[in-house]
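A short write-up of the structure that comes next.
In the numbering used here, the protein residues as written are -16 to 164.
Structure, rendered in structure tokens:
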């Protein structure tokens, strides 16, 4: 019998342009652009944890969890400024067959001092999806920064140095993570 491989998915969600998904298996992360919810469901099928770059709850202004993010030095927008995106994320959360978590890859990238151009990404959305997939993986391993309030939880990569390498057009490899001292 073959070895069971855990799979994690990251979604850089969009409404008016293609979304980008990243699927993490073993050390490789496969990236693709998708348009429909069906393509997202298919691409993330079989994932243990799915991390989405979008709020998973709506509010009129900043949520308490958003205020905590700002207090911790991260720049986020209130869900009401991206209503269509949040509505799509909430809809996907209700139909994805996995644990779905909220993340903010730009804040994770700040924690690991990573710029999308440094790894040769074609666009920021691509690296954001990769980071989302890594957040899902790190959450599973219990090595995660959790910003939590009564109205939500945002998961981020912990502070440290992350080593990833672009292997080809749509494939990245996770090399290592060194936590900050």
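Every residue gets a Cβ at the ideal spot worked out from N, C-alpha and C, and that includes glycine.
- request: Could you pull the start and end residues of the beta strand (DSSP E) that residue 117 belongs to?
  value: Within the chain shown, residue 117 is the residue found at index 134, counting from 1. Per DSSP, residue 117 belongs to no beta strand (DSSP E); it is in the alpha helix (DSSP H), 107 to 124.
task: Sort out for me which residues DSSP pairs residue 21 with in a bridge.
output: Translated into positions along the chain shown, residue 21 becomes position 38. Answer is none; residue 21 lacks a bridge partner.
message: Between which residues of its own chain and residue 5 is the CB-CB distance below 6 Å, once the five residues before and five after are set aside?
response: Here residue 5 is taken as the residue at index 22 of the chain shown, counted from 1. Taken in chain order, the residues that qualify are -7, 12, 14, 112, 113, 116.
- request: On a CA-only basis, which of 140, 25, 58 is nearest residue 97? Give me that one, please.
  value: Locating residue 97 in the chain shown gives position 114, counting from the first residue. It is 140 whose Cα lies nearest to the Cα of residue 97.
query: DSSP state of residue 73, grouped into three classes?
result: Looking up residue 73 in the chain shown gives position 90. Helix, per DSSP.
message: For residue 49, report the span of its alpha helix (DSSP H) as first-last.
response: Residue numbering aside, residue 49 sits at position 66 when the chain shown is read from its first letter. 47 to 54 is the extent of the alpha helix (DSSP H) around residue 49.
- request: Just list the beta strand (DSSP E) runs in the stretch 129 to 157, keeping only unbroken ones of 3 residues or longer that don't cross its boundaries, in chain order.
  value: 135 to 139, 143 to 151
- request: From the DSSP output, in three-state form, read off residue 162 for me.
  value: As a first step, residue 162 is located in the chain shown; it is residue number 179 there, counting from the start. In this structure, residue 162 counts as strand in the three-state DSSP scheme.
field: Classification of residue 124 by the beta-carbon crowding that lies within 10 angstroms, buried from 16 upward
entry: For the purposes of this step, residue 124 is taken as the residue at position 141 of the chain shown. Counting Cβ neighbours within 10 Å, residue 124 comes out exposed, since fewer than 16 surround it.
Whether residue 149 touches residue 119 by CB criterion (8 Å): Locating residue 149 in the chain shown gives position 166, counting from the first residue. Locating residue 119 in the chain shown gives position 136, counting from the first residue. Cβ atoms of residue 149 and residue 119: not closer than 8 Å.
field: CB of residue 138 within 8 Å of CB of residue 147, strictly
entry: Counting from one through the chain shown, the residue named residue 138 turns up at place 155. Counting from one through the chain shown, the residue named residue 147 turns up at place 164. It is not a contact, given that the beta carbons lie outside the stated cut-off.
task: Report buried or exposed for residue 152, applying the criterion of at least 16 other Cβ atoms within 10 angstroms of its Cβ.
output: Numbered from 1 along the chain shown, position 169 holds the residue referred to as residue 152. That one is exposed.
task: Indicate the three-state DSSP secondary structure (helix, strand or coil) for residue 102 in the structure shown.
output: As a working mapping, residue 102 is identified with position 119 in the chain shown. Here residue 102 sits in helix by DSSP.
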